[in-house]
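Protein chains in written order, with the working numbering: chain A, 15 to 352; chain B, 15 to 352.
The C-beta atom is built at its ideal place from N, Cα and C for all residues, glycine as well.
Here the structure is a predicted model, which is why all the values come from computation and not from measurement.
Structure first, then comments.
Protein chains: 2
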Amino acid sequence: MAGIEEVARRAGVSTATVSRALSGRGYVSEATRLKVAQAAGDLDYVVSSNASSLASGRTRNVGVVVPFLNHWFFASVIEGAESALLRQGYDLTLYNLTGGGDERKSVFDHFLLRQRVDAVIAVGLELTEAEVSSLHAMGKPLIGVGGAISGVFSLTMDDVAVARLATEHLLGLGHTRIAHIGGGKEFDLDFHLPSNRRIGYERAMQDAGVRVDEALFRPADFTLPGGYEAAKQLLGSPHNRPTAIVASSDEMAIGSILAARDLGLHVPADVSIVGIDDHQLSTFFGLTTVAQFPRRQGEQAVEALMKLLEPTPDVPESADVPLPYELIVRSSTARPPQ
Amino acid sequence: MAGIEEVARRAGVSTATVSRALSGRGYVSEATRLKVAQAAGDLDYVVSSNASSLASGRTRNVGVVVPFLNHWFFASVIEGAESALLRQGYDLTLYNLTGGGDERKSVFDHFLLRQRVDAVIAVGLELTEAEVSSLHAMGKPLIGVGGAISGVFSLTMDDVAVARLATEHLLGLGHTRIAHIGGGKEFDLDFHLPSNRRIGYERAMQDAGVRVDEALFRPADFTLPGGYEAAKQLLGSPHNRPTAIVASSDEMAIGSILAARDLGLHVPADVSIVGIDDHQLSTFFGLTTVAQFPRRQGEQAVEALMKLLEPTPDVPESADVPLPYELIVRSSTARPPQ
DNA sequence: CTGAAAGCGCTAACAT
DNA sequence: ATGTTAGCGCTTTCAG
């Protein structure tokens, strides 16, 4: 618990110089920098983030707000953000809203306002005007990931294009009776992704001159069991069973594969299935999918923040590109039977 | 961004009184408390955690260190810890070591030492002596979850008993050719759970007078694909195929169910399978398992910390009980064939 | 029960 | 390039 004063004494300089030498801000000769580093090392000196924050007004800490944690997408985004932040010497403090309304309110009204974070990353959350503006009033940069927030810079995939690509893959193989398992209306509140993906699916169908059949759409909850249920209904239909399914998430797609198996249908011989995500289990199930890269999204969010937070351009340039996605063809899709 | 001074002025008291009124520490008359609360509310005052921490030496923030994030167990522990902390007005800052050796070093040598946290929760991590002692030298309480750390208070399940229970369930149904899929040696470094579970399995067998057959053990990596591979080997054996499998994790157990299906074996008619965890997918797969309760573990870790951190007994009493576990029988286990 | 005042440990002008 | 110094916004003795 050595303080800056002791380091200064040991290095034979002033505390101001120690501060400059250690933080990299301001001019210090190479020689003194070394002396200071040495002294600091000897004493196991680590700056007190509180004192530093209080004096400088910068905490070197960012808040990440998520609606769930126990979910592939969110966990991956956080992992990406965390490691990018660590590299920059930043901490990540986590706000998980799983608990419900009360938690959300106290996080936005209290926790995020107590000057503990320099910026906020909101993942998969549609923030209210009030939430956004209270953050902005404090001068805290806010950035969204996966779910656009009006008036806020957000990293977000082109969900229409993604779903279109998945559907086109199937169309290209010759399928026309293509079903879609997407999010129900309840998911459209915080994400708009369900309807966007449905739109992408429909556009692809229409552009290919294929009629969109309402009976071939099933809402589900993005989970594996949800996908299983929906697929059972779709594939159990006595008339005009679809020859392919595009599911809005890999978990639902995997559920669909299991449903098909349970019905005695072979994938992809009897039915082709494509998902969206590239979930960690997708390789195992041989699922064809459109990959998104949530870890990368977390990193990109941090990169964007750093540009706002760090005046010096010591952060690698990262253009404001749209989020990438990529069709990954595995063994769950093939030409339709006959 | 109103400061304490403005609140004091508006309430007609000194800043000292505001501090006392808002923090609950020290004597304040009910009347002034109300006045202050009113003034603070009017001004949307939120205390600056940095100034408060610097002055008081307490950050009201705890660090949580995990080896992975994208995993059911860790995510659940964090969720539990997070919500318990939120209730106490604490923040949670997350340190994810997924990146590798470098990250770990900088987290322990730098990040955790910069006085940003009052305490540390290490989840599923075996800390080195150096790591533990540098934390203790700073006076930071440290508590382990899921993986005992020598010399550190840890919440940890009785893995021997858990595996024994799973095995006894099978023995009780009449199985004797019971295979075990457990962690390989590489997992024994940070967790000792693999070998403990194996011991529990063996003890149960021995106590039942059943010989432990080396050929009936397969190491795997705790994942679904890993369990699938292992089960394929076990169940594909031409001689003396096991009639049951106890897997050290639900993911491996689910992999085993899928492996059995792919071999044309029926679960549980041809083979019974039991896991350990009660993973979110286990209900869907009808998996019999021994549940552990990771969310609760996160909460308990926080409760234990609060006792150390908060002198006042405003934290509900929670005895130092061993972690609970519970056999949940679903449809993946039954009497052996014939 | 309340107020005055001395820091908490560092950073950032400003001066040199 | 380095030192001096005045705070950052609170909490906490210590008086009263």
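Contact residues of the segment 298-310 of chain A toward chain B are F298 (C-beta to C-beta distance below 7 Å). Residue environment: Q220(B) is assigned as exposed (fewer than 16 neighbouring CB atoms within 10 Å of its CB, all protein chains considered). For L301(A) and Q52(A), the gap between their C-alpha atoms comes out near 54 Å. Contact between L126(B) and E117(B) does not hold, since their C-beta atoms are separated by about 12 Å, which reaches or exceeds 8 Å.
For L322(A), the CB contacts under 6 Å within the same chain, skipping 5 residues up- and downstream, are P155 in chain order. G165(B) counts as exposed, since fewer than 16 other C-beta atoms from the protein chains shown sit within 10 angstroms of its C-beta. In this structure R211(A) touches I290(A) by the C-beta definition: roughly 7 Å separates them, less than 8 Å. Listed along the chain, the chain A residues whose CB falls inside 9 Å of the CB of T112(B) are E93, E96 and S97. Along the segment 167-191 of chain A, there is no position whose C-beta sits under 8 Å from a C-beta of chain B. For F122(A), there is no enclosing beta strand (DSSP E); the enclosing alpha helix (DSSP H) has its first and last residue at G115 to D123.
Taking CB atoms only, S147(A) has no neighbour in chain B less than 9 Å away. The straight-line gap separating the alpha-carbon atoms of E313(B) and V91(B) is approximately 8 Å. Taking every protein chain shown into account, the CB of Y41(B) has fewer than 16 other CB atoms within 10 angstroms, so this residue is exposed.
One alpha carbon belongs to F167(B), the other to I157(B), and they sit about 5 Å apart.
Proximity of the segment 184-201 of chain B to the segment 219-239 of chain B meets the contact definition, three or more beta-carbon pairs being nearer than 8 Å.
Burial of V32(B) is indicated by the presence of at least 16 other C-beta atoms within 10 angstroms of its C-beta. If you check each beta-carbon in the segment 37-65 of chain B against every beta-carbon of chain A, the ones closer than 7 Å belong to V60, V61, S62, S63, N64 and A65.
Shown here is that no member of the segment 257-290 of chain A has a Cβ falling below 7 Å from a Cβ of chain B. The alpha carbon of I192(B) has as its nearest neighbour, out of S63(B), R255(B), Q352(B) and G153(B), the alpha carbon of R255(B). For T73(B), the closest Cβ of chain A is nearer than 9 Å.
Looking at the DSSP output, G289(A) sits in a beta bridge with T303(A). In this structure, T190(A) and V159(A) do not form a Cβ contact; the two beta carbons are roughly 36 Å apart against a cut-off of 8 Å. Within 10 angstroms of the beta-carbon of H85(A) lie 16 or more other beta-carbons, which makes it buried. Rounded to whole angstroms, the separation of the alpha carbons of I287(A) and A348(A) is 9 Å.
In its chain, beyond the 5 residues on either side, R211, G214, I290, V304, Q306 and Y339 have a beta carbon closer than 8 Å to the beta carbon of V176(A). From the listed residues A151(B), Q129(B) and P282(B), the smallest Cα separation to S63(B) is found for Q129(B). For S90(A), the chain B residues whose Cβ falls inside 9 Å of its Cβ are L83 and N84, in order along the chain. In the structure shown, S168(B) falls within a strand segment according to DSSP collapsed to helix, strand and coil. Each residue's CA atom was taken as its position, placing Q102(A) and A315(A) some 13 Å apart. Interface flag for L100(A) against chain B is set, since a Cβ pair is found closer than 9 Å.
Cα atoms of L149(A) and L319(A): separation of roughly 14 Å, rounded to the nearest angstrom. In this model, I271(B) and A162(B) are separated by some 31 Å (Cα to Cα). Shown here, T107(A) sits in a strand according to DSSP, grouped into three states. In terms of beta-carbon proximity, D235(A) stays away from the interface with chain B, with every pair separated by 9 Å or more. The residue among D173(B), Y59(B), R275(B) and L108(B) with its C-alpha nearest the C-alpha of N75(A) is L108(B). Across the set F299(A), A54(A) and A229(A), the C-alpha of A229(A) shows the shortest separation from the C-alpha of P252(A).
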